[in-house]
DNA sequence: AAGATCCGGAACTCCACAGTATCGTATAGA
DNA sequence: TCTATACGATACTGTGGAGTTCCGGATCTT
């Protein structure tokens, strides 16, 4: 991508020899965060470099000293996006799969997801034209959540709660996909009720847990719905 | 939306009295079709009125005589989008739910779906800013397919194949949502294998049909995976 | 201290596109 | 035939944003 000066008689690396004030790299994260905010609010095409610079209290020239173009700035911003608390270590472990899924529903997590979806919507228009952007978005937004779901389900397989025949690679994408549709196209909130509906109406039944013909008790959430 | 001349002393409707060459309304569908093509290829922001006019072999002024702005042209194009063959009358009826789902996988249908997804991607950037566009896209692209799925599942309930407790209102959105994710973000093809995986790995298990612990035979598609 | 480079800020160039106006031509009604 | 309008084509205007350049001031190295 960036081949560095193959020139002949440079003393060291020519990058070592630089004089003057050093670039303040502590500002990079602030600028990238500002870019993500504007991106979520206006979308990629509505977003201007001036907006980002103003929001970050920086000069437009400063941004262009660090990123060669708007495209690269946005790709970097998405790629450097910090995950929520989706590390395996911080995932819940309640003993049952349903308990784990429900424990993942936290206001913090919902809010985080909504913002990520706004960012995804803003990026959507350029995903077709810029595959590297599609990869960055997928890696930063969807994959971590899918991996968390897969981890919980694999653990349920390991302890014998669900069958190892289950297609968890497909099922771990159900929640992210349907939450995206609900946010981006239906424009309805991805709230606790919706997520519980997904867990009890799709995920657990597909894994062979409850949901099947519901013997008697109040095991179901939704009423017969006229 | 369009209030017509409340003027006082018009002979008839004043729209009747018009002289000269009449507008050729047979061209409207061609222009809207051209708009959809360009939209799918370049996205809303990359699309220019000139592109649409050129593609439709029409003058730019002609487009502006019929639609007041680019926004309204696109909204109209999406709203007037013709459905594929998703009428209840033309849906398959094989006697089993799996048979019906599989019978809906046709090259024609897949191709149609891919194009609609491209259109959806192109619209995504303006969905937040223009709710009426979000509704138009939802009604034209996703809802018909969800309705077809719901119809097939309701029929399976009626004939006793699956339990009436199943949350078919949620489940009918699984395929459209996950196909959208696969096309738009993962950029993988929504082919027959993928759709079969959804049917056998998510939908049917969630409805209480097969998929559960697979007694013995080679009922599963994927091997145990290392 | 001196020179080099960074900073935020603002003015600037350049270009693409939405929307308008004008042209010669084609087609409708009177 | 005459007039009014729609047509495709092309030229034009206005605006907005990407990317560049310049400035005075700050910060680093030597």
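Protein chains in written order, with full-length UniProt numbering: chain U, 1 to 226; chain B, 1 to 226.
Ideal Cβ placement from N, Cα and C applies to all residues, glycine included.
Given the structure is predicted, the values throughout are model-derived calculations rather than measurements.
Between the Cα of residue i and the Cα atoms of the options, which residue gives the shortest distance?
i, options, result
"residue 206/B", "190/U, 183/U, 170/U and 136/U", "170/U"
"residue 269/B", "117/B, 97/B, 42/B and 109/B", "Residue 269/B is absent from the model: chain B starts at 1 and stops at 226."
"residue 86/U", "96/U, 48/U and 109/U", "109/U"
"residue 62/B", "79/B, 28/B, 132/B and 142/B", "28/B"
"residue 185/U", "163/B, 192/B, 125/B and 187/B", "125/B"
"residue 136/B", "79/B, 119/B and 153/B", "79/B"
"residue 39/B", "209/B, 74/B and 25/B", "74/B"
"residue 191/B", "172/B, 121/B and 104/B", "104/B"
"residue 150/U", "88/U, 193/U and 181/U", "88/U"
"residue 177/B", "204/B, 154/B and 141/B", "141/B"
"residue 35/B", "24/B, 163/B, 48/B and 25/B", "48/B"
"residue 31/B", "146/B, 18/B and 55/B", "55/B"
"residue 33/U", "21/U, 64/U, 95/U and 82/U", "82/U"
"residue 288/U", "131/U, 156/U, 114/U and 145/U", "The shown model of chain U, from 1 to 226, leaves out residue 288/U, and the question about it has no answer."
"residue 23/B", "111/B, 133/B and 64/B", "64/B"
"residue 72/B", "41/B, 153/B and 131/B", "131/B"
"residue 172/U", "153/U, 180/U, 76/U and 165/U", "153/U"
At 9 Å on the CB atoms, spell out the chain B contacts of residue i, in chain order.
i, result
"residue 134/U", "184, 185, 186 and 187"
"residue 102/U", "The contacting residues do not exist; residue 102/U stays about 17 Å from chain B at best."
"residue 35/U", "Going along chain B, no residue has its Cβ under 9 Å from residue 35/U, so there is no contact; the nearest lies around 16 Å."
"residue 64/U", "Chain B residues near residue 64/U: none, gap ~22 Å exceeds 9 Å."
"residue 90/U", "Result: empty, since nearest Cβ-Cβ is about 25 Å, beyond 9 Å."
Could you give the residue range of the alpha helix (DSSP H) that holds residue i?
i, result
"residue 169/B", "168-171"
"residue 193/U", "192-198"
"residue 88/U", "Per DSSP, residue 88/U belongs to no alpha helix (DSSP H) and is neither H nor E."
"residue 116/U", "107-127"
"residue 69/B", "From DSSP, residue 69/B is part of no alpha helix (DSSP H); its letter is neither H nor E."
"residue 102/U", "97-103"
"residue 185/B", "Note, residue 185/B: premise wrong, no alpha helix (DSSP H); not H, not E."
"residue 133/U", "131-137"
"residue 178/B", "174-181"
"residue 158/U", "143-158"
"residue 255/B", "A question about residue 255/B goes unanswered here, because the residues of chain B that appear run from 1 up to 226."
"residue 50/U", "49-55"
When we look at the beta-carbon of residue i and count the other beta-carbons within 10 Å, is it buried (16 or more) or exposed?
i, result
"residue 158/B", "exposed"
"residue 222/B", "Reliability of the predicted coordinates at residue 222/B is poor, the pLDDT of 42 falling under 50, and the value obtained from them is presented with this limitation in mind. Exposed, because fewer than 16 other Cβ atoms sit within 10 Å of the Cβ of residue 222/B."
"residue 8/U", "Because residue 8/U sits at a pLDDT of 31, beneath the cut-off of 50, its placement in the model cannot be relied upon, and the point is left open."
"residue 200/U", "buried"
"residue 216/U", "Because residue 216/U sits at a pLDDT of 38, beneath the cut-off of 50, its placement in the model cannot be relied upon, and the point is left open."
"residue 37/U", "buried"
"residue 93/B", "exposed"
"residue 100/U", "buried"
"residue 160/B", "exposed"
"residue 175/U", "buried"
"residue 209/B", "buried"
"residue 182/U", "buried"
"residue 143/B", "buried"
"residue 97/U", "buried"
"residue 167/U", "buried"
"residue 43/U", "buried"
"residue 18/U", "exposed"
"residue 129/B", "exposed"
"residue 95/U", "exposed"
"residue 211/U", "At residue 211/U, the pLDDT of 45 sits below 50, so the modelled position is not reliable; the number obtained from the coordinates is stated separately. Residue 211/U is buried by the Cβ-count criterion."
"residue 122/U", "buried"
Just to make sure I have the definition right: I need the residues of chain B whose C-beta is within less than 8 Å of the C-beta of residue i. Which are they?
i, result
"residue 131/U", "187"
"residue 125/U", "43, 44, 45, 46, 121, 122, 124 and 125"
"residue 99/U", "None at all; the shortest Cβ gap to chain B is about 20 Å."
"residue 138/U", "185 and 186"
"residue 171/U", "201 and 202"
"residue 197/U", "167 and 170"
Could you name the residues of chain U that residue i contacts, counting a contact when the two beta carbons are closer than 8 Å?
i, result
"residue 78/B", "Within 8 Å Cβ-Cβ: nothing; residue 78/B doesn't reach chain U, min ~12 Å."
"residue 243/B", "Outside the shown range of chain B (1 to 226) lies residue 243/B, about which nothing can therefore be said."
"residue 38/B", "Chain U residues near residue 38/B: none, gap ~13 Å exceeds 8 Å."
"residue 190/B", "Going along chain U, no residue has its Cβ under 8 Å from residue 190/B, so there is no contact; the nearest lies around 12 Å."
"residue 148/B", "Those do not exist, as residue 148/B stays about 16 Å from chain U at its closest Cβ, beyond 8 Å."
Give the interface partners of residue i over in chain U, defined as CB-CB distance under 9 Å, in chain order.
i, result
"residue 69/B", "The premise fails here: residue 69/B is roughly 17 Å from chain U at the closest Cβ pair, so nothing lies under 9 Å."
Counting only Cβ pairs nearer than 7 Å, list the residues of chain B close to residue i.
i, result
"residue 142/U", "185"
"residue 61/U", "Neighbours of residue 61/U on chain B: none; closest Cβ ~26 Å, over 7 Å."
"residue 109/U", "Here the premise fails: no neighbours, minimum Cβ distance about 19 Å."
Which residues in chain U sit within 7 Å of residue i, going by Cβ to Cβ distance?
i, result
"residue 52/B", "Going along chain U, no residue has its Cβ under 7 Å from residue 52/B, so there is no contact; the nearest lies around 17 Å."
"residue 81/B", "Correct list: empty, because the minimum Cβ distance to chain U is about 15 Å."
Verify the contact flag: residue i, CB atom, against every heavy atom of the ligand GTP, threshold strictly below 8 Å.
i, result
"residue 183/B", "Inclusion of the ligand GTP in the displayed structure is not the case, the ligand content being empty and no account of it being possible."
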